[in-house]
Amino acid sequence: MDFHFTEEQRILRKTARDFLEANCSASFVLEMEKDEKGYKEDLWLKMSELGWMGLIIPEEYDGVGGNLLDLVVMFEEMGRVCLPGPFFSTIALGALSIMESADDGLKSEFLPAISRGELKLTMAHEEPDFTRYDPYSVGLKAIKKGDAFLLSGTKMFVPDAHVADSIICVARTDGQPPARYGLSLFIVDAGSKGLNLRPLKTMAGDKQFEVSFNDVRVSKGALLGRLDRGSDLLDSILRKAVVCKCAEMLGGAQKVLEMASGYAKEREQFGKPIGSFQAVQHHCANMLIDIEGSRYLIYKVAWLLSQGIPAVMETAACKSWVSEAFKKVVSLGHQVQGATAYMIEHDMPLYSRRARIAEMSLGDGRYHRTVVASQLGL
Amino acid sequence: MDFHFTEEQRILRKTARDFLEANCSASFVLEMEKDEKGYKEDLWLKMSELGWMGLIIPEEYDGVGGNLLDLVVMFEEMGRVCLPGPFFSTIALGALSIMESADDGLKSEFLPAISRGELKLTMAHEEPDFTRYDPYSVGLKAIKKGDAFLLSGTKMFVPDAHVADSIICVARTDGQPPARYGLSLFIVDAGSKGLNLRPLKTMAGDKQFEVSFNDVRVSKGALLGRLDRGSDLLDSILRKAVVCKCAEMLGGAQKVLEMASGYAKEREQFGKPIGSFQAVQHHCANMLIDIEGSRYLIYKVAWLLSQGIPAVMETAACKSWVSEAFKKVVSLGHQVQGATAYMIEHDMPLYSRRARIAEMSLGDGRYHRTVVASQLGL
Amino acid sequence: MDFGYSREEEEYRERLCRFLDENLTEEIARQNWEDRGVGSEGREFSRKLAAYGFLGMSWPKEYGGKGLSPTYEFILLDELGKRWGCHVPLDVGYTMVGPTILRRGSEALKSEFLPRIIEGEIEFCLGYTEPNSGSDLASMQMKAVEEGDYFIVNGQKTFNTECHYSEYHWLAARTDQSRGAPKYKGISLFIVDMDSPGITIRPLWTMSGERTNEVYYDNVKVPRHRMVGEKNMGFYYMMEAIGSERNQVFIPMRLYSLLQELVQYARDTHHNGRPLAEDPLVRDRLAQAAIELEVARVLADHSRWLESNHMPLSYEPEITKIFTSEMEQRLVDTGMQLLGAFGLLMEDSPRVPMRGRLAWYYLHSFMTTIGAGTSEIGRSVIAQRGLGLPRSY
Amino acid sequence: MDFGYSREEEEYRERLCRFLDENLTEEIARQNWEDRGVGSEGREFSRKLAAYGFLGMSWPKEYGGKGLSPTYEFILLDELGKRWGCHVPLDVGYTMVGPTILRRGSEALKSEFLPRIIEGEIEFCLGYTEPNSGSDLASMQMKAVEEGDYFIVNGQKTFNTECHYSEYHWLAARTDQSRGAPKYKGISLFIVDMDSPGITIRPLWTMSGERTNEVYYDNVKVPRHRMVGEKNMGFYYMMEAIGSERNQVFIPMRLYSLLQELVQYARDTHHNGRPLAEDPLVRDRLAQAAIELEVARVLADHSRWLESNHMPLSYEPEITKIFTSEMEQRLVDTGMQLLGAFGLLMEDSPRVPMRGRLAWYYLHSFMTTIGAGTSEIGRSVIAQRGLGLPRSY
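Chains as they are written, first to last, in our numbering: chain A, 1 to 378; chain B, 379 to 756; chain C, 757 to 1149; chain D, 1150 to 1542.
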């Protein structure tokens, strides 16, 4: 049992905190919400120079060779400032997918370029015809035609599709939704013919897309993992991505608590700091309780997964809990900080809007509780 | 719109309050929990002399001719002191059933005797084979044999069966559970051959029984309402009984709030009354909010039903809400009053134990929310 | 005990419903509800509402009202609210300022303002909150110094929401600057022309897209006769109005349309071939929301009944406010659970369900438990006034 | 970051599990958990636990311990807890009194008491709470006046739970009666033989059937050498011990068996031919309970890790306590929703499911957020110590 981060992780956190505080202010985030691209290439390159793109990528592929806990530290810091841009898509959905696939050819092709900041990825998974999250409710068809596959169907909520060089597409090669069997993952070049994007407009101004595939042709070399058995690979990718998403939320929640408790110490009404009112104290205490639980659960799951333990139940528990916790924290953060924090220019709405995006991303609490229930033997 | 009670209702409340405070102390209630019979006949007779048994019974049957709101006032006061004994069973389950049945012969036979306090009734409805409340999950069979019916099966959670003179038994005369069609109600003489009681032991020491029917013979004159179509009658009986049960809970909740806020004013810690601490204030405020909502919803439903409006959704909403509210109120009541109120001799546990009994009686929140959902068109 | 309406009241409701079904659009409803500023359609609707005789039912006849029971006003608010959460378009004047003018204003102020309010012609904006005076409103610092027939007003207000389209500012300012005077005994109320020289308005935009304002007063001259009631009594007037204001602002039926839209969504939306409405979890949560709406309605009914019968309002409207506002937050969360990721989409997004109303409601919902007094202050008020607990601060 | 156990720790756990599976019965577990008094079976189990070497793993060797990490103690508490919520049978001495003797007691006290605690031979009862001193413990009035080699003690304690079967009272009493002294600077701790002349015990029965006690002291003579540590420092000793005590008392795994029994019930119980486990509402609620148990466990793990590594404990054990105790109440409600009316039945009723454990848990659950400090005090402690907010009282 050891809750210490390593010296390297502490340095990583400090570097990330300093860099992001200097380069990613709240007004920058608001600006990027309105920006069509949603991030700045020069910031991306700076991050790349710091080695962040390669953080989790093995050294043999020009990466830093870090582990999932290193990545958790990074996402905590990014969540803390609501960093815009395709880092999550490229690393947590993209690089991790390729690493999990254990396909040396694809690794050589993609990982070094990702490491160098030259390549952006994303994943196309959910679909408009399925109105609730379920990873196996996939209807987009990939039909074998000679040495290639033809992909047809529509994907929803694809993050950063407008800047991705390649899209990892979850397709059905056999069976009917919601069968777990019959899914396959393909890496699709974003410039492929037949790919069409429509930007969605979400409450957080993040960049999500509807992506339609009209007979998009991919070679059989684009298959990631095994044909028809993609769900196994998908599950292991999603578990790691879930922890990264939870870490993002944790960073945001921690920042909200700091804002709220800071405000409670300074803001005076009735002749004293509002933080001396028990109601405000208890709101702040409730935030801390929810955050501490989230924090150690995230670290535990990251540790379990980094040990190669599937941790199906713990990961689902983590996403469900942290989603709910972040929601509660932003509610209380607003309640403590009053009308001022309801203004769009205040930092607070950045977090309360993203809390809902993160809640729905990679499965909401409802979905993950169904996983926990099954794991309980129900 | 008028939230005033009539002058008669105010007098009724005052009389009931005074009488019950004088005759039903907390220690008496505790004593009755241990008593096999669970009530005192002399108290029953005094209540009868006050006209309480006949309160809701029409004057033509020797009753007082009151309405459902009068009965709500009475049950509030009874809930306030946790009155033990078969009043609820006899009146809310018994007399109301017979009145709803619109059978003049049965009315003449039963209502005057109930009015005079000479007859006690109860209803046998739920069954051990059905593990969740659902009024139509009835399997006890009534088979026609000549001019009579033979009843076979087992009933659960039958209140006060040990002192009832007659038991209104919900039986299946056609179809299979959980079909709504095919239920019939019979009035069974408690002395009938083949009837067996086993006392259940609940957390509130109230008197509930398992009642088994082994070819119990009843004449066809014992049929209450129409054959096979008992569910219509049952529904309208249960709606009124539900309001009475909610009124009982309201009286209890109000008393808990009075205890808690009284304690908060008197108990000092850190040199001042604990009621000046915001956390305690907010607990008390939350109790009041839940109680006020319960109160006016109960009055509204009682008024609707007394106007002959079925109020299916409102009644179900009422039971669900009031059950949850009473639970929350007793939790907060305990939290405000600390360790002292955790002692069995304190009044508080009377209410917290009964809150759960009442929650489960006549359908828990879960069940009633399914009714509301259907009424919403879901 | 009677939860019914009289035949006259029901007839009024029917007439009103016909009118609203013809004249009220979602766009008009949203202009007010979302504080987007009441535009020409809203102004026209307001005048029409008045012209058809639906405004002023409970106001005295001498100012253009009909002298009937406030119950009619609540019927109006309920029927408006049922339609996309609409409110009286010029609601600050109609539901908040007007009643105080009626209670405390001079005959001249009454004659000047009340008829125009009832005709749906003018709007006011509240001028209470200051940067350092939120929950502790009585600590306000805006100064009004008497000079002959005028008050000279200086200072700053914030979160004054309707200022950019209102004709008048309903301003609270400190008129007793002497040291040692209790802070709540030195405040007066004024009606200020928004186009008075020296007033500057700066927009503040909320996270849900509404505009509110900072308002700066720089030696603004306000005629003495525009002071409402007695000098230094303003805080008492604000407090005596608060119960009735809550009754007029926190209208449970304004949540009815959101609930109905969610029910409809659950019926119409399928997942893997089955309507969401069949899922016991969905059913349980939507049923709970419907139950809470029933509760909110009886709480409001009770509090309204007190007002309609001129009985004192104490903690009761505070309960309605807290319950209704917190219920709104729970309802929004229920909606979010139902819609999942689709609930994140804003109104002009492809594939958006329910015209993006849910996302807007979410963004808006943070304000409901803060605006017009926080739930925390409210609960202490309930404990102290409703239960007699000692003061906590 | 490492959430694993060492090989030695895992081996210890395996050995322990084998022992518990053979020797621990539900009856023994309940004697302690339900404060029914530890009977002869419990005493025998306690001695056996010691004899097999499972007690004292982290205690110094000179007093009979093994000088290893406190992690072993937590493994013991977890494995006991998993089995019907069991605790160390003589837990007050083992988890609360012993550590303070070790930290603050004289060499004589250590030698006298520690070996017997580790041998599972003796039990203590806490003597803190008084009728007028609950949350405000430092206001206690029990007096201990020095007279030669003795203190003469007078006064009353209440809710002193294990007194009727313990050998010793772990008594806090006021030793500085001078006016004006801060109330928390005049309290000392004593070890008092429960059979000392002048002690009277009166039973108090709780709503869930446990016995607790009022304890009256009438000129009870307590030898001076039975004072623990320095005079007037008792309150500080109580406070410095509180974090570790919470770590030892609020064991999330004690809720594991209840959760498991509920899952089993949902699987085994049918309604109209379908197992309750198929109902999405049941699944959602039980999953939520399992998730909360995961959260409680990592909170406890973190707080334990601080203790095991001799880092200061601040607000962390308070979080574990609040979360675990409130989670218990939610879990019980989840159980009640699952069992419906059958959950009302007590253990000796016909047709009772789960041996009536759920009804007992419900009755017991009211105490969890009050005993050992209320959630309200706890949240203020968390806000003040964990976040640096100013004092509220």
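C-beta atoms are modelled at their ideal positions from N, C-alpha and C, and glycine is treated no differently.
- Between Leu1430/D and Leu1018/C, the CB-CB gap reaches or exceeds 7 Å.
- Linking Arg1351/D to Asp725/B through their CA atoms gives a straight-line distance of about 20 Å.
- Taking a cut-off of 8 Å on C-beta distances, the region 1248-1264 of chain D does not touch the region 1433-1449 of chain D, as fewer than three cross pairs fall below it.
- If you keep only unbroken beta strand (DSSP E) runs of at least 3 residues inside the region 37-87 of chain A, you get nothing at all.
- Nearest CB-CB separation between Gly1234/D and chain B: not below the 7 Å threshold.
- With the criterion set as a beta carbon lying under 8 Å from some beta carbon of chain C, the members of the region 1413-1444 of chain D are Asp1428, Pro1429, Leu1430, Asp1433, in sequence order.
- Between Leu111/A and Tyr61/A, the C-beta spacing is below 7 Å.
- In the DSSP secondary-structure assignment, Ala520/B is bridged to Leu529/B.
- For Val596/B, the enclosing beta strand (DSSP E) stretches over residues 585-597.
- Per DSSP, the continuous beta strand (DSSP E) segment holding Asn969/C begins and ends at 967-979.
- Taking the Cα positions, Thr384/B is about 11 Å away from Arg391/B.
- For Asn779/C, the enclosing alpha helix (DSSP H) has its first and last residue at 763-779.
- Residue range 1465-1488 is occupied by the alpha helix (DSSP H) that includes Leu1487/D.
- Residue environment: Tyr1201/D is assigned as exposed (fewer than 16 neighbouring CB atoms within 10 Å of its CB, all protein chains considered).
- Within 8 Å of the CB of Ser1529/D, the CB atoms of chain A belong to Gln278, Gln281, His282, Ala285, in sequence order along the chain.
- Here the C-alpha atom of Ser530/B lies approximately 11 Å from the C-alpha atom of Cys547/B.
- Contact note: Gly755/B reaches chain C through Val1019, Arg1023, using a C-beta cutoff of 7 Å and chain order.
- DSSP places Thr1517/D in the uninterrupted alpha helix (DSSP H) bounded by 1506-1517.
- Each of Ala1438/D, Ala1439/D, Ile1440/D, Gln1413/D was checked against the Cα of Glu1427/D, and the nearest Cα belongs to Gln1413/D.
- Taking CB atoms only, Thr1310/D has no neighbour in chain B less than 7 Å away.
- Taking the C-beta atoms as reference points, Pro845/C is found no nearer than 7 Å to Ser654/B.
- At a cut-off of 7 Å between C-beta atoms, Gly293/A counts as an interface residue with respect to chain D.
- Distances from the alpha-carbon of Glu1295/D to those of Tyr1510/D, Val1369/D, Ile1471/D put Val1369/D closest.
- Taking each of Gln632/B, Gly472/B, Val658/B, Asp552/B in turn and checking the Cα distance to Lys643/B, the smallest one comes out for Val658/B.
- Put simply, the CB of Phe1152/D is near chain A, with a gap under 7 Å to one of its CB atoms.
- Shown here, Ile344/A sits in coil according to DSSP, grouped into three states, outside any helix or strand.
- For Asn196/A, the enclosing beta strand (DSSP E) covers residues 195-201.
- Under DSSP, no beta-bridge partner is assigned to Met287/A.
- Here the alpha carbons of Ser1514/D and Ser1474/D stand approximately 8 Å from one another.
- For His746/B, the uninterrupted alpha helix (DSSP H) run begins and ends at 743-753, by DSSP.
- At a beta-carbon threshold of 7 Å, none of the residues of chain A lie near Pro1146/C; the nearest stands roughly 14 Å away.
- Contact annotation, Val73/A with Ile298/A: C-beta distance approximately 11 Å; criterion of less than 8 Å not satisfied.
- Cβ neighbours of Ile143/A within its own chain (closer than 7 Å, five residues either side excluded): Phe149, Leu150.
- A direct Cα-Cα distance of roughly 29 Å separates Leu1015/C from Lys804/C.
- For Asn788/C, DSSP records no beta bridge to any residue.
- Beta bridge pairing from DSSP links Val1294/D with Ile1301/D.
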